[in-house]
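Residue numbers (our numbering): 198 to 483.
For glycine and all other residues, C-beta sits at the position ideal for the given N, C-alpha and C.
Written out below as structure tokens is the structure these notes cover.
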């Protein structure tokens, strides 16, 4: 399940220079994590660090039991034989009561059973189990891959619900990267106005606690809607700048000969995945 995450970045937020980062890993989440670990040492722009962090979280499409199945498959494939019971138990953990996890364990055990030393009826039975398990394991791998590579929407990460005001997720990520400090040259698209008067974006956030939260201006019912509108405007600008910086990003599944799904493009982002990318396009991108 080797994945490639290809990222194209605009340097200087709109300058005519760009650079590329390609991260290879065994899953989307790991590829995004690898990209983030590489880039956080080099980026001058906290916004791009936040976007990469959002990519990482958006890449996690598997439930916990499904991730256990992926871990089991990868562990069996890495060893090429039946794993010891304690190793299997350490991977499965608390999911022994999950029927699909157990089915995957049984299928992998049958598939990787060695026929060496077996004779007669015992060998014939083991061989039949192995032959029966092979297509079932392949089918489950394909199902897990489809789930992991399902359409991803970044839109909710930039949205603000005025009916239930909470600090938007993307802004939270940005503040984590900037350690709650002003972000310098990026402040121009994060400033807004109420009744013609400028309101800095920092007025919308309370930094006094351990984690940034929305400030008390949102508790003023008389002006709450004005501040909600301002924060919505802020998040729209943040999304536009973030997507404009990361002007293309694609995932490719090496196991299908490089054919995969485009993760996003600046023209439609943040929209669901659409279309497919052929191998020649993959080669051009990478």
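| Asked | Found |
| --- | --- |
| Considering only residues of the region 257–337, which uninterrupted beta strand (DSSP E) runs meet the minimum length of 3 residues and lie entirely inside it, listed in chain order? | none |
| Tell me the rounded alpha-carbon separation between residue 429 and residue 354. | 12 Å |
| State yes or no: is the C-beta of residue 327 within less than 7 Å of the C-beta of residue 310? | yes |
| Following the continuous beta strand (DSSP E) through residue 395, name the residue where it begins and the one where it ends. | 394–396 |
| Assign residue 143 to one of two classes, buried (16 or more other C-beta atoms within 10 Å of its C-beta) or exposed (fewer than that). | Residue 143 is absent from the model: the chain starts at 198 and stops at 483. |
| Within the same chain, show all residues whose beta-carbon is closer than 7 Å to that of residue 298, passing over the 5 residues directly before and after it, in chain order. | 262, 265, 266, 289, 292 |
| From residue 314 to residue 260, what distance separates their C-alpha atoms? | 39 Å |
| Would you report the Cα separation of residue 277 and residue 308, rounded to the nearest angstrom? | 10 Å |
| Just to confirm, are residue 403 and residue 412 a CB contact at a threshold of 7 Å? | yes |
| Using beta-carbon positions only, say whether residue 427 and residue 389 come within less than 7 Å of one another. | yes |
| Should residue 425 be labelled buried (16 or more other beta-carbon atoms within 10 Å of its own) or exposed? | buried |
| Classify residue 367: buried if its beta carbon has 16 or more other beta carbons within 10 angstroms, exposed otherwise. | buried |
| Beta carbon of residue 406: closer than 6 Å to some heavy atom of the ligand SAH? | Absent from the structure shown: the ligand SAH. Ligands present: none. |
| Could you name the residues of the same chain whose beta carbon sits closer than 8 Å to that of residue 312, not counting the 5 residues immediately before and after it, in chain order? | 320, 323, 324, 327 |
| Using a Cβ-Cβ cutoff of less than 7 Å, which residues in the same chain neighbour residue 333 once the five nearest sequence positions on both sides are dropped? | 304 |
| In the DSSP assignment, what are the bridge partners of residue 390? | 395 |
| Return helix, strand or coil for residue 358, following the three-state DSSP convention. | coil |
| Which residues in the same chain as residue 273 place their Cβ atom closer than 8 Å to its Cβ, once the five residues preceding and following it in sequence are excluded? | 279, 280, 305, 308, 309 |
| To the nearest angstrom, how far is it from the Cα of residue 369 to the Cα of residue 341? | 30 Å |
| Taking the alpha carbon of residue 361 as the point to measure from, which residue in 271, 421, 336, 399 has its own alpha carbon closest? | 421 |
| How long is the line joining the alpha carbons of residue 432 and residue 407, rounded to whole angstroms? | 22 Å |
| Can you grab the Cα-Cα spacing for the pair residue 282 / residue 331, in whole Å? | 21 Å |
| Rounded to a whole number of angstroms, what is the C-alpha to C-alpha distance between residue 467 and residue 364? | For residue 467, the predicted model reports a pLDDT of 30, less than 50, meaning its position is unreliable; a value from the coordinates is still stated below. For residue 467 and residue 364, the distance between alpha carbons rounds to 19 Å. |
| Please return the same chain residues whose Cβ sits closer than 6 Å to the Cβ of residue 384, not counting the five positions on each side in sequence. | Model confidence at residue 384 stands at a pLDDT of 48, short of 50, so the residue's coordinates are unreliable; what they give is reported in the following sentence. Answer for residue 384: no residue qualifies. |
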